[in-house]
Amino acid sequence: MSSSTEINQQYFNKIAADYDKRFAKSFAAVNAELQSNADFIGIRKGGRLLDYACGTGFVSISLSKSIGEAVGVDITENMIGAYNAKIASADKFKAHLGNLLSTPTSPDLDGQLFHGFDLAGVGMGFHHFEDTTLAATRLTERLNTGGSLFVLDFLPHDADPHHNHARGVHHLGFDEGKIRDMFEAAGAGGDFAYKVFESEVVLENSPEPGKNMHRRLFLARGTKTA
Numbered sequence: 020m021s022s023s024t025e026i027n028q029q030y031f032n033k034i035a036a037d038y039d040k041r042f043a044k045s046f047a048a049v050n051a052e053l054q055s056n057a058d059f060i061g062i063r064k065g066g067r068l069l070d071y072a073c074g075t076g077f078v079s080i081s082l083s084k085s086i087g088e089a090v091g092v093d094i095t096e097n098m099i100g101a102y103n104a105k106i107a108s109a110d111k112f113k114a115h116l117g118n119l120l121s122t123p124t125s126p127d128l129d130g131q132l133f134h135g136f137d138l139a140g141v142g143m144g145f146h147h148f149e150d151t152t153l154a155a156t157r158l159t160e161r162l163n164t165g166g167s168l169f170v171l172d173f174l175p176h177d178a179d180p181h182h183n184h185a186r187g188v189h190h191l192g193f194d195e196g197k198i199r200d201m202f203e204a205a206g207a208g209g210d211f212a213y214k215v216f217e218s219e220v221v222l223e224n225s226p227e228p229g230k231n232m233h234r235r236l237f238l239a240r241g242t243k244t245a
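Residue numbers for the sequence shown follow our numbering, beginning at 20 and rising by one.
Here's what the structure looks like:
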């Protein structure tokens, strides 16, 4: 296990219990944006979603009216527990502990349940991945041909030295060119599109109590071509 993985696990295990409450306003805004962009993402009605770095499940919940099944995966036990505790449909929406970015990937993610998706993506987690092209590739491998890969994350922003290292942050946002190159390298460059959200997300009491972070978000999507 890499030191980066350990840092992320420790941080998110620590904040899992009050994560939803802490970022409630931000999640409400993002939820509305995601729901209004279901067609842009390329969701197939009743399709299967791989929600990677799923956390407490805001992406799965946001898209729940458009999909038939969500399989969440996260490296953090407490986040998995929070996801499964609040999503009622255990058969169709369930999170599992595992790491798709390790070499080899977690053996528990080898089964049929973790393949054959119509949609795979990460909501505000890509900046925590050391190798984002590897992440995009591993997710694309789990898609059916013609399935959609999507990334929701921050636009480029200034560094915050008090925030980044302690929380396993590796990237200060992503511009369109970088995301396009990443999708193409992963085999999901078909019908690529990149959209900047109008609203600004305010992460209250972050990186520490009494301070707020202001971030602009983008949503990118592409189709697995083969």
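We put the beta carbon where it would ideally sit given N, CA and C, even for glycine.
message = Can you look up residue 172 in the DSSP assignment and give me helix, strand or coil?
response = Position 153 of the sequence shown, counting from 1, holds the residue named residue 172. Three-state DSSP puts residue 172 in a strand.
task = Any chance you could list the alpha helix (DSSP H) runs of at least 4 consecutive residues sitting entirely within the stretch 46-88, in chain order?
result = 57-60, 77-81
message = Please identify the residue among 63, 74, 103, 104 whose C-alpha is closest to the C-alpha of residue 251.
response = Nothing can be reported for residue 251: it is not among the residues displayed for the chain, which extend from 20 to 245.
key: Buried/exposed call for residue 185, threshold 16 Cβ in 10 Å   = For the purposes of this step, residue 185 is taken as residue 166 along the sequence shown, with counting starting at 1. Here residue 185 scores only 49 on pLDDT, less than 50, and its place in the model is too uncertain to base an answer on.
message = Does residue 159 come out as helix, strand or coil in the three-state DSSP assignment?
response = Numbered from its first residue, the sequence shown carries residue 159 at position 140. Residue 159: helix per DSSP, three-state reduction.
task = Kindly indicate which residue of 164, 194, 138 has the alpha-carbon position closest to the one of residue 57.
result = Residue mapping note: residue 57 aligns to position 38 of the sequence shown, counting from 1. Among 164, 194, 138, the Cα nearest to that of residue 57 belongs to 138.
query = Which one of 160, 165, 151, 121 has the shortest CA to CA distance from residue 192?
reply = To locate residue 192, count along the sequence shown from 1; it is residue 173. Among 160, 165, 151, 121, the Cα nearest to that of residue 192 belongs to 151.
task = Return the first residue and the last residue of the beta strand (DSSP E) that residue 105 is part of.
result = The residue you call residue 105 lines up with position 86 of the sequence shown. From DSSP, residue 105 is part of no beta strand (DSSP E) but of the alpha helix (DSSP H) over 96-105.
inquiry  = Starting from residue 136, trace the beta strand (DSSP E) in both directions and tell me its first and last residue.
reply    = On the sequence shown, position 117 is the one that residue 136 refers to. Counting along the chain, the beta strand (DSSP E) containing residue 136 begins and ends at 136-142.
query = Is the beta carbon of residue 155 less than 8 angstroms from the beta carbon of residue 201?
reply = For this step, residue 155 is matched to residue 136 along the sequence shown. For this step, residue 201 is matched to residue 182 along the sequence shown. Yes, the Cβ-Cβ distance between residue 155 and residue 201 is below 8 angstroms.
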